[in-house]
Structure formats: structure tokens, C-alpha cells
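There are 2 protein chains.
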Amino acid sequence: MIAKKMEGLVNNNSAIRAMFEEGKRLAAIYGPENVYDFSLGNPNVPAPEALNQAIIDVINTVETTKIHGYMSNAGFEEVRKAVADSLNKRFDTNFTEANIIMTVGAAGGLNSILKALINPGDEVLTFAPYFLEYRAYVSNYDGVLVEVEPDTTTFQPNVEAFEKKITANTKAVIINNPNNPTGVVYSEETIKKIAAVMEAKQKEYGHDIYLISDEPYRELAYDGVFVPYLTKYYTNTIVGYSFSKSLSLPGDRIGYLVIPSEMEDYKNIFAAASIATRVLGFVNAPSLMQLAVARCLEEKTDIEAYNRNRELLYGSLKEYGFECIKPEGAFYLFVKTPMADEKVFIEAAKKHNILVVPGSSFACPGYVRLAYCVSYDTIKNSLPAFKELAEELGMCK
Amino acid sequence: MIAKKMEGLVNNNSAIRAMFEEGKRLAAIYGPENVYDFSLGNPNVPAPEALNQAIIDVINTVETTKIHGYMSNAGFEEVRKAVADSLNKRFDTNFTEANIIMTVGAAGGLNSILKALINPGDEVLTFAPYFLEYRAYVSNYDGVLVEVEPDTTTFQPNVEAFEKKITANTKAVIINNPNNPTGVVYSEETIKKIAAVMEAKQKEYGHDIYLISDEPYRELAYDGVFVPYLTKYYTNTIVGYSFSKSLSLPGDRIGYLVIPSEMEDYKNIFAAASIATRVLGFVNAPSLMQLAVARCLEEKTDIEAYNRNRELLYGSLKEYGFECIKPEGAFYLFVKTPMADEKVFIEAAKKHNILVVPGSSFACPGYVRLAYCVSYDTIKNSLPAFKELAEELGMCK
Chain A
1 MIAKKMEGLV NNNSAIRAMF EEGKRLAAIY GPENVYDFSL GNPNVPAPEA LNQAIIDVIN
61 TVETTKIHGY MSNAGFEEVR KAVADSLNKR FDTNFTEANI IMTVGAAGGL NSILKALINP
121 GDEVLTFAPY FLEYRAYVSN YDGVLVEVEP DTTTFQPNVE AFEKKITANT KAVIINNPNN
181 PTGVVYSEET IKKIAAVMEA KQKEYGHDIY LISDEPYREL AYDGVFVPYL TKYYTNTIVG
241 YSFSKSLSLP GDRIGYLVIP SEMEDYKNIF AAASIATRVL GFVNAPSLMQ LAVARCLEEK
301 TDIEAYNRNR ELLYGSLKEY GFECIKPEGA FYLFVKTPMA DEKVFIEAAK KHNILVVPGS
361 SFACPGYVRL AYCVSYDTIK NSLPAFKELA EELGMCK
Chain B
1 MIAKKMEGLV NNNSAIRAMF EEGKRLAAIY GPENVYDFSL GNPNVPAPEA LNQAIIDVIN
61 TVETTKIHGY MSNAGFEEVR KAVADSLNKR FDTNFTEANI IMTVGAAGGL NSILKALINP
121 GDEVLTFAPY FLEYRAYVSN YDGVLVEVEP DTTTFQPNVE AFEKKITANT KAVIINNPNN
181 PTGVVYSEET IKKIAAVMEA KQKEYGHDIY LISDEPYREL AYDGVFVPYL TKYYTNTIVG
241 YSFSKSLSLP GDRIGYLVIP SEMEDYKNIF AAASIATRVL GFVNAPSLMQ LAVARCLEEK
301 TDIEAYNRNR ELLYGSLKEY GFECIKPEGA FYLFVKTPMA DEKVFIEAAK KHNILVVPGS
361 SFACPGYVRL AYCVSYDTIK NSLPAFKELA EELGMCK
């Protein structure tokens, strides 16, 4: 007998599993090159050669008991210092190793900080559409995730709706910028408005409200768009970062939390997040990978590859009559379905061997998400299928 | 403001931190070679050269997008198959990849299976003395850890006391064999008795009771002692394993869960534990390390190094008049303190630059734990200090 809290998750997982099986079934019939799978956010751009070299260098030059040994739950001090220095250089901040906790990816970091902060019944706000795992993360600590409804004209956070949703029980707000699933980058103007609302609400309710910035896509921003660093706009900000996309190593599970010294109750929050890392069973971020990424902080993934995909897929879909906002970051397109029920669209797309994720998986039905972190050829080859689909659905202009 | 559940953990952590600082203070005054730190279970035997070579081989021969990419939350299928095959060969079991979930160390595995099973208020039994983190792990899911009092003559599980502690609310039992902190290996006879009690209680209460076997020290067993493989004695058994000690890579966070097909509700439990791995933020066990350990399943740490330490430290302490059981496994000695208040002993030991962990940290006051995973020289050099301590406390025979 599994835990009651898990029952819904297990049932829901079967649906995702079914889609995965469908992809395999289609690939077996038509050949994998004729199935256009836009469902997974698994980067197709390989990790930079410098990362593999850094791993080999660490093995060849660092003492083995250190490479593979325990360290403080927050991570190696020199790795944390290297991360802080790199942030200071890029964002003109003033962090030290005392502000950095190395984590098991961004997902591990988010869980650690939520465990550190959330009491049962506390409300955590986030802006739809959002990565639905947030709901599970908050529920792990018996918090309640509260959705702020989207502004579907721009997919910038809906600040008016946000203000109304904050209550005396609001403990934290999660922001994901650049955004999954829309690819939108929240503007400085939006961030300033959010910060102003939160400052006012902190005063009104007489307690701290934390802004948790989930930033796995920070480095994936196109056309030089500005991605604000949130600790500079709001004091009680915690940043959760992952190297998963910037260095294409999602499987290795490495990221960090930034907990600024200026925060209220900084000392206890830093201690609590470190201990949460331990008691949740992470113990520490993988040691070899800590040492390796510290040597690759200036490395970048091949963003131009994603940019080419973006231009081709966005341009073509618009031409065929699909409705979507041009993404400025991440590697997702969020496309409006021509009928209210996205499931009808998804079934129609499947008949053309196109696999996409429903918007309801991001609390935003009537849309589908396309992950364009696939090969350029996959996109090129998928275009006739998209065109046929558009014609079939009467979408062409 | 941190979460209420974290407050006790943060306060308690300061005490551990204080001991760590004390070690650094003593090392600064007397030189690190004159401080005998037996407080940490961080293996001093380096990882086998074959592991470092396996990492380099993986990097040189496997496609980069695979090495560092996402895979199923349960882990790479071929890694899980290799683990199952290795278990089958060694323990005459019948596992397949469908029984293995790769985890972020044993701590990650325990958290995933507890999240999968535990409802608020469920009781989880364990045998004192035990690794105190179990309390935090169970509390993460609002379960209640119930201690079974120790049999201090043998430190085998106290089966009579165990039987009385099982109630209608008992959902699981955690066993740690070979044991931290005693070094005792639970005998086949003990295991059979525990299994018989649990079978009877399952019938009596009409619901499943799961045996969770935490086995990071399985390979650290001396003198050919037999360490029973628990799935062979009790059907509803889940094994949590870690490569931390067998391959000396605790920092890399890699282990696995074994969930046998014969278990009641196997399918849901396997699914729930995989999903728990995802929603707790582990997502998956570190990918490069999965591929590397799969190539090292027949590798062993240098157990003879630990054995030499064991013989020297145990033999000498007995000679000086200390009371303890000769450990058959792991790398710990659990020593009875000559006065009821172990804190008095710990302070006296500190004056001789000896650092040890109080038994109360394992729910067994009146004892201290010595981790002998240190260099042979540290042990040799510490002996005069132990002798002086024994003389000072009037313990010599």
C-alpha cells in the first residue's frame, strides 16, 4: 500500500508513461527519424568538450579521497567561492561562499529551500503557466501552491492578479525566468512591479515573503535580451540555479542556491537549507561534478544551435497559421491550439507523428508546449507534417 | 523565519558544528597529526583506481549527450540490469532491471521509499542504537520513528522488545546491517526471528509491514562473516544500498533501491518510489556515476586496511581496559564509557586530543562511537593517548 499522497502522482504518471510508449510505438512503425518528438526538455546540444576535459583533469590532478569524499553539506568551500566570484563578475553582486549552497540540480535546491521555509498550510504563489512539479515540491512540505492566472496576451506575470492572491498565509513566491513553458523572459519592469507589491505586502502582513527565482534557463536568452538578477530588486530573494542547460548536463544533477546575507534571518535560513540538503537525503551535491563545474563557470552551451531551431520552428509555424509568442529564452514554444480542447489537437498532431505536451501540464489549457532542444533536422523534417496539420485543421491564412 | 520543523535540527546542528570547530582548534594548536579524530565516517581508503579509470573510459567511449543526459527517473536500464545481474550472481536472487531504482546514495533511496510508503502518523520501527538521521527521514513524511531498546550484551536486535513495539500503526521497520554504530552484523538467526515476528504481525493486523534494509556497509564484513540478504527471508523487503563505502565515493551520491517483484503491491510501490525520486528533487541518480559504477560492480575497497585498523584499535582498547564488542563489519567501534554520563568521558578524551561521537547521537547513551576509517598511523599514534586516558579514569586492569 503506497502513501495516499502518492496515489494521484502514480495515476498521473501513467499518462506521461503512455505518451512515452506512444512515441516508441510510432518510432517502431515509421522509423525514429520520421517521428517528431517535441515533448522532452532534454538538451540535444552536447556538454562542452571543456566539461569532459575538466572531469578528466580533476581525476588526474586532485587527490582521490577528496574528489569522491564527503565535504560540508553546503559543498566544497572553494567551489562555492568560485561560483560567488563568477556571479559577482557577471551581475555586479557581492556574494561569498557563505551565500552559496551547492545542490542536486535546481530541483534539489528548490526542495531544500522549501523544506527550510515552509510550514504546513503556508501558501506559495506562482505564475501560470508554470512547471507543474512546483505543485509536488510545495506539497512535499504540506504547503499550498496558489496559481496566479496568466496574461495570455504577453505571458508576462499578471501583477494585478498577483497582488490580489497574496494573503496573510503567503510565505513565498516562485518565479521561473526565462520561462518554461512559454520561453518568455520576464522584463525588468515586470520584476520591479512584483518586487514593489511584495515589499508592500510584507509591511501589510508584518512578516517576510520570500521570492524564489528558479533559473535553469538563465543562460539561454536570445538576441541579447536582458534577464534581471532578482537579488538586486528584492532583498528576500533566493536564487535556485542549475547547470543542466547551460552546460547540458541535466543527468548529473548539479546546481546551487544563492542565499544573500542581506536577507532577513539569513543565518538561520542558510543553516536550515544546508541541513535540509542533508536530511532530505541529498547530503551534498555530487562531489566530482562540483569540482568539474567550478572549472567551467565561463563555459557556455552552443546557444546558436537553439537559436537556429527557434527561428526555423517559430517562423514556419507562424507561416502555417499557428499562434504563438516568439520566445526570447529557454528552448520552448508555447502554441495556442485552434480548438479549446487541446487534447483534440494533440491527437490530430499525433496522426502526423508530432508529439507535444498539453498546456494543462503547465496549468494553462488551450496551449501545447514544443521543446525545440532537438536536432535541426528533426525540425526541418517536421515542417511538412506541421503544414499538413494546419491545413487539415483549417488554420492556414 | 525558517520552518518550525527545522528549528530543532538547526539548534542540534550547532552542537555538531561545535565539535567540528573544536577539532580544527585542536589541530591548529597541536598539529593535525597529533589530533585523533574518530568522529567522521568518511572513508580514508581511496576509491579503487578502476573507478577513476571507468569514469575516464565512459567519457572517452560513450556519447556525451547520453553520459550527461536525462534518463528514466529509475536510472539507465542497462545499469539497473547490471546491478540486478550482479546481485543474482552473489546472492542467488532473481532480480531484473524492473526491481532496481538507482538513487542519490542510500540516504536518497531511503527518503524515496519512505515518501512512497509513509502516511502521516504511520510508525516506523528501528533498533537502537541506530543512525539518528532515520528520525529526520521518517519525520520528513510525518511518520513517527519508534525505537526498539537495545540488547547491550550482544547489540543484536532485541526481538522480544521488537514484538511488543509493533502496533496496528506500524508500516515499516528499518534495519542497518552491518550496523552503524556498533559494527555488529545481525545474524541469520536474528533475521529469521525478526521475519517470523513480522509475518505474524502482518496477519494479525491484516496489512503489509515493510522491512527496509539499509546496507551501505554490506561489503565491509570481516573474517568471512555471513551477512544475510534480507529479501530471501521476508517477502516485503526493500533493500537500500550505497556505493559510498564499497567504492569509497560517499561524495558522489550513488546507490540503489531493490524492490522485489514478489512484494505485495510491487507495481505501485516501484512506480511510487520512482516518482518520489523525481518529486523530491533528486530526479535521477547522477548519470555519469551510474555508468561508472556499473563498470565496477565486481570492484572492492581495500577492506584489509580497515581490518588492520580494527584489529589494532580493538585489541589495544581492550588491553587498556575499555569495554566493547569486537566489530564484525562496518568501520566503527562502540565503546562503553566508564561513567554513565558519556559527556564527561568525551570531555576527558578531548583533553588527550581524542575526538569521538556520543552514543546518545545513536539513541544509546553511555557509549561512544569511534570511526576507524582513518589512517593506520592515526590509530598507532593515538594509542598512548588512549592508554593515558584509561589510566586517568582508573580503567586499567
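Chains as they are written, first to last, in our numbering: chain A, 1 to 397; chain B, 1 to 397.
In this text, a Cβ means the ideal position worked out from N, Cα and C, and glycines have one as well.
Simplified DSSP state of residue i, which is helix, strand or coil
i: B:ASN52; result: helix
i: B:LYS351; result: coil
i: A:ASP114; result: A small fix is needed here, since residue 114 of chain A is Leu in this sequence, not Asp. Three-state result, A:LEU114: helix.
i: B:SER213; result: strand
i: A:VAL357; result: strand
i: B:ARG218; result: coil
i: B:LEU9; result: helix
i: B:VAL368; result: strand
i: B:GLY23; result: helix
i: A:THR83; result: Note on residue identity: the sequence assigns Val, not Thr, to residue 83 of chain A. DSSP places A:VAL83 in helix when its eight states are reduced to three.
i: B:TYR376; result: helix
i: B:SER14; result: helix
i: B:THR446; result: Residue numbering for chain B in the displayed model covers 1 to 397; residue 446 of chain B lies beyond these limits and cannot be assessed.
i: B:MET395; result: coil
i: A:ALA385; result: helix
i: A:ALA390; result: helix
i: B:PRO196; result: Sequence check: residue 196 of chain B is Ala here, not Pro. Of the three classes helix, strand and coil, the one that applies to B:ALA196 here is helix, per DSSP.
i: A:ALA28; result: helix
i: A:ILE346; result: helix
Close-in-space but distant-in-sequence residues of the same chain around residue i (CB under 7 Å, 5 per side omitted)
i: A:SER287; result: ILE67, HIS68, GLY69 and MET71
i: A:ARG80; result: ALA74, GLU97, ILE100 and MET102
i: B:MET263; result: THR235, ASN236 and ILE269
i: A:TYR134; result: THR126, LEU145 and ILE174
i: A:ALA221; result: PRO178, VAL185, VAL227, GLU328 and GLY329
i: A:TYR205; result: ALA168
Chain E contact for residue i (CB, 8 Å cutoff)
i: A:ARG310; result: The chain inventory of the structure shown lacks chain E, comprising the protein chains A and B.
Distance, residue j Cα to residue i Cα
i: B:GLU456; j: A:ASP151; result: Past the edges of chain B, shown from 1 to 397, lies residue 456 of chain B, and the structure says nothing about it.
i: B:TYR266; j: B:ILE238; result: 10 Å
i: A:LEU230; j: A:ILE259; result: 12 Å
i: B:ALA106; j: B:PRO216; result: 7 Å
i: A:LEU389; j: A:GLY315; result: 16 Å
i: A:PRO228; j: A:SER242; result: 17 Å
i: B:LEU383; j: B:VAL35; result: 12 Å
i: A:LEU317; j: A:GLU323; result: 8 Å
i: A:LEU400; j: B:GLU392; result: With chain A covering only 1 through 397, there is no way to say anything about residue 400 of chain A.
i: B:SER213; j: A:VAL83; result: 38 Å
i: B:THR378; j: B:GLU33; result: 7 Å
i: B:LEU333; j: B:GLU319; result: 15 Å
i: B:VAL62; j: B:ASN52; result: 15 Å
i: B:PHE226; j: B:ASN180; result: 17 Å
i: A:ALA27; j: A:ASN309; result: 22 Å
i: B:ALA348; j: B:MET19; result: 14 Å
i: A:ALA136; j: A:GLY8; result: 11 Å
i: B:ASN381; j: B:ASN353; result: 11 Å
i: B:VAL283; j: B:THR277; result: 6 Å
i: A:VAL10; j: B:ILE275; result: 7 Å
i: A:PRO358; j: A:LYS343; result: 7 Å
i: A:ALA50; j: B:GLU49; result: 23 Å
8 Å CB neighbourhood of residue i in its chain, flanking five on each side removed
i: A:VAL197; result: VAL159, PHE162, GLU163 and ILE166
i: B:PRO43; result: SER244, LYS245, SER248, PRO250, THR301, PHE331 and CYS373
i: B:ALA363; result: ALA128, PRO129, TYR130, LEU132 and GLU147
i: B:GLN156; result: VAL184, TYR186, SER187 and THR190
i: A:LEU257; result: ILE100, ILE101, THR103, GLY109, SER112, ILE113, ILE238, VAL239, GLY240, TYR241 and ALA273
Contacting residues, own chain, Cβ-Cβ under 6 Å from residue i (five flanking each side not counted)
i: A:VAL146; result: GLU123, LEU125 and LYS165
i: A:TYR306; result: PHE331
i: A:PHE91; result: TYR229
i: A:LEU291; result: VAL58
Evaluate the contact criterion for the stretch 168 to 177 of chain A versus the stretch 207 to 222 of chain A: three or more CB pairs, one atom per stretch, below 8 Å. yes
As an exercise, report each continuous alpha helix (DSSP H) stretch of at least 4 residues that is fully enclosed by the stretch 220 to 284 of chain B, in chain order. 266 to 279
Where in the stretch 93 to 179 of chain B do unbroken runs of the alpha helix (DSSP H), each at least 4 residues long, occur, reported from the N-terminal end onward? 105 to 117, 133 to 140 and 159 to 165
Start-end ranges of the beta strand (DSSP E) lying completely within the stretch 279 to 340 of chain A, minimum 3 residues: 332 to 336
Completely contained alpha helix (DSSP H) runs for the stretch 36 to 80 of chain B, where each covers 4 or more residues: 49 to 61 and 64 to 67
Counting beta carbon pairs with one atom in the stretch 109 to 117 of chain A and one in the stretch 129 to 140 of chain A, are three or more of them shorter than 8 Å? yes
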